[in-house]
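Encoded as structure tokens, the structure appears first; notes follow it.
In the working numbering, the protein residues as written are 16 to 229.
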């Protein structure tokens with residue numbers, strides 16, 4: 016299915032209908048908005064995920080959490096989070112930047128419709144220190160981007176997201192891309208067939224299995 020790097024297709028738009036259909040199959044848009052006239056769609060056959068029960072909280076993070084210098088909220092400032100993800104560390108102006116105005120507009124709309132959710136980390140002065148956002152598919156959270164203006168702020172958001180999912184029966188956090196800090200927090204690869212089964216239990220029974228390579 017698609018290219019080795021996960022590239023599946025190019026074209027279409029970022030409409031609500033197309034995005035929700037894509038995410039329901041583990042497909043997501045990712046493209047340099049300055050270099051590509053149309054969205055590029057990816058569906059890696061090995062998926063980097065964190066299972067909420069497997070979230071790893073390091074000793075240093077536990078120490079930080081016990082100081083109660085930060086608080087975490089859900090869906091209080093989606094606009095602030097997506098702007099932070101786009102702009103922090105001069106991301107917007109870097110070569111290959113993907114979170115442009117068109118993409119942000121699409122996810123803001125999904126948020127208003129209840130399909131995209133943000134997690135915010137606030138410092139003791141009430142300022143947005145970091146956070147993350149993603150798309151909800153069933154009992155799963157498909158992470159799109161995260162940012163920190165202060166050390167470990169995005170990690171705090173991810174830990175609280177995992178704890179919330181533990182409480183409400185959430186099954187999986189899709190990280191999309193492997194990073195060293197996500198791996199240190201419990202991220203690991205699973206094959207696409209397993210990923211699809213978690214997204215839609217029983218889905219594989221409705222397919223003949225062709226193309227679902229481990």
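Backbone N, C-alpha and C define an ideal beta-carbon position, used for all residues, glycine too.
Asked: Span of the beta strand (DSSP E) around residue 135; Found: 131-137
Asked: CA nearest to the CA of residue 183, picked from 168, 154, 206, 162; Found: 154
Asked: First through last residue of the beta strand (DSSP E) which encompasses residue 164; Found: Residue 164 -> no beta strand (DSSP E), and no H or E assigned at all.
Asked: Nearest-angstrom Cα separation, counted from residue 211 out to residue 34; Found: 16 Å
Asked: C-beta contact flag for residue 43 and residue 115 at 8 Å; Found: no
Asked: Beta-carbon proximity of residue 89 to residue 132, cut-off 8 Å; Found: yes
Asked: Beta strand (DSSP E) segment containing residue 14, residue limits; Found: Only positions 16 to 229 of the chain appear in the structure, and residue 14 is not among them; the question remains open.
Asked: Rounded straight-line distance, which links the Cα of residue 124 to that of residue 156; Found: 17 Å
Asked: Option in 30, 23, 187 with minimal Cα separation from residue 117; Found: 30
Asked: Inter-residue CB distance, residue 213 and residue 187 (contact presumed, cutoff 8 Å); Found: 5 Å
Asked: Those residues which DSSP pairs with residue 51 across a bridge; Found: DSSP output for residue 51 lists no bridge partner at all.
Asked: C-beta neighbour in chain D for residue 55, strict 8 Å; Found: Considering every chain present, this structure includes no chain D. It has just one protein chain.
Asked: Three-way DSSP call (helix, strand, coil) for residue 57 in this model; Found: strand
Asked: Cutoff 8 Å; reference residue 169; Cβ partners in own chain excluding five residues on either side; Found: 136, 145, 146, 147, 161, 162, 163
Asked: Beta-carbon gap between residue 143 and residue 87 smaller than 8 Å; Found: no
Asked: Residue 37 to residue 100 span [Cα, whole Å]; Found: 22 Å
Asked: Beta-ladder partner(s) of residue 86, from DSSP; Found: 137
Asked: Three-way DSSP call (helix, strand, coil) for residue 155 in this model; Found: strand
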